[in-house]
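Below: one structure, written as structure tokens.
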Amino acid sequence: MVRVLLTDPGTRRHYLTVGFTQAAVIIALVVMFPEWKDDVAREVGKLTGVELWLVYSAAILSSLQLVQWIVIALSRDHHTELSREASVRTGLEPEDEPLEPRVRLNIPWLVKKLKQHWRAMWLFAWGMPVLWGANRLGRLAYGNVLGETGLMPILASLWGAWWFVVFTAGKSARAWTQENARAPWFLRAWDWLGSRVAPLGSYGRRWARVTHPVYSPAACVEQRPWGLMGLALARALSALPLVRCFLRPTIPVAAAHLLAAEGHPVRSANPPASALAAVGSLPPDATPASPPLPVAGARPPG
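Counting from 6, one number per residue, gives the positions in the sequence shown under our numbering.
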């Protein structure tokens, strides 16, 4: 995708101008407001060698990350325009309407991002009791062989990685167009357990209700896991300070190409209301009907 943006002279000029300008502003702001140095200075007398280097590195990186988020949030219109240009030049129908990019504080976008982060944390939290139970069973079966923390760090990391891949797919509007997507793999497994243990079925029904708005992108990950996992890794690397200025516009386009290869349209004729709300495209006066909610924990008919 970066190669595509560098091919045309005009697009290349816009892409490099946006990326280097954002990077320069980020570095300048971190240098101009070095409050992080005061915090480090208080720790300098206590640390030496590698520990001191780690403290400085962590302080610089955290400052760069914070300033980077603010700068990109204010100038994201330019990334949207670059994503649209990359889509057009790779033969993909753009997902964004044409716009005149400008630096601004986009309150609706900011509210949508906060809601998305809250939803991600909420979805992650609903799996934690299950992971805790699995960890307890592992400790009962293997004792201290698994160490003091048991399997919990590994399970929580894998659970978080799964959702990171799902929301990487969700960067493209194509991930939200499956009207009758089935429940994710973990809810199908829980449904099997819930059909045999009633209390588990009750939890599964609530879990399914919470997860229902993201059935579509979760199904996309199951359909094309390796490609989307690779893209999620690239997205994680793009979160590094300054790197994000150059790679962020390419992630939605790459996700769209992966999903287009599976036949996902850029928009659905009758997408669920939950999906439209998830991508922030539901007009105030539009109320399309959501598909029937699958019930986890219930036995299949017959």
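All C-beta atoms, glycine included, are put in the ideal place defined by N, C-alpha and C.
Item	Value
With a 10 Å radius around its C-beta and 16 neighbouring C-beta atoms as the bar for buried, classify His-84 as buried or exposed.	buried
So, for Glu-86: in the same chain, excluding its five sequence neighbours on each side, which residues have a beta-carbon less than 6 Å away from its beta-carbon?	Pro-106
Compare the beta carbon distance of Val-36 and Val-72 with 7 Å and say whether it is the shorter of the two.	no
With C-beta atoms as the reference, is Leu-263 less than 7 Å away from Gly-235?	no
DSSP state of Met-6, grouped into three classes?	coil
Locate the alpha helix (DSSP H) running through Leu-142, then write down its first and last residues.	112-147
Please determine, among Gln-183, Ala-188, Pro-246, Tyr-20, the residue with the shortest C-alpha to C-alpha distance to Ser-62.	Pro-246
Taking the alpha-carbon positions, what's the Val-60 to Leu-66 distance?	10 Å
How far does the alpha helix (DSSP H) with Asp-101 in it reach, from first residue to last?	Asp-101 -> no alpha helix (DSSP H), and no H or E assigned at all.
Taking three-plus beta-carbon pairs below 8 Å as touching, is the segment 123-131 in contact with the segment 205-223?	yes
Determine the DSSP secondary structure at His-269, reduced to helix, strand or coil.	coil
Thinking Ala-178 and Val-271 are a contact (beta carbons under 8 Å), I'd like their distance in whole angstroms, please.	6 Å
Under a Cβ-count criterion, where at least 16 other Cβ atoms within 10 Å of its own Cβ denotes burial, should Tyr-147 be classed as buried or exposed?	exposed
Would you tell me roughly how many angstroms separate the C-alpha atoms of Tyr-20 and Ala-28, rounded to the nearest one?	12 Å
Can you find the residues in the same chain that come closer than 8 Å, C-beta to C-beta, to Leu-79, ignoring five residues on each side of it along the sequence?	Val-108, Arg-109, Leu-110
Take Val-248 and list the residues in its own chain whose beta-carbon comes closer than 8 Å to its own, dropping the five residues that flank it on each side.	Leu-242
To which residues of the same chain is Cys-250 closer than 6 Å at the C-beta, ignoring the five residues directly before and after it?	Gly-24, Gln-27, Ala-28
Suppose contacts are defined by Cβ-Cβ distances below 7 Å. Is Asn-140 in contact with Gly-152 by that definition?	no
Do the CB positions of Ala-237 and Phe-129 come within less than 7 Å of each other?	no
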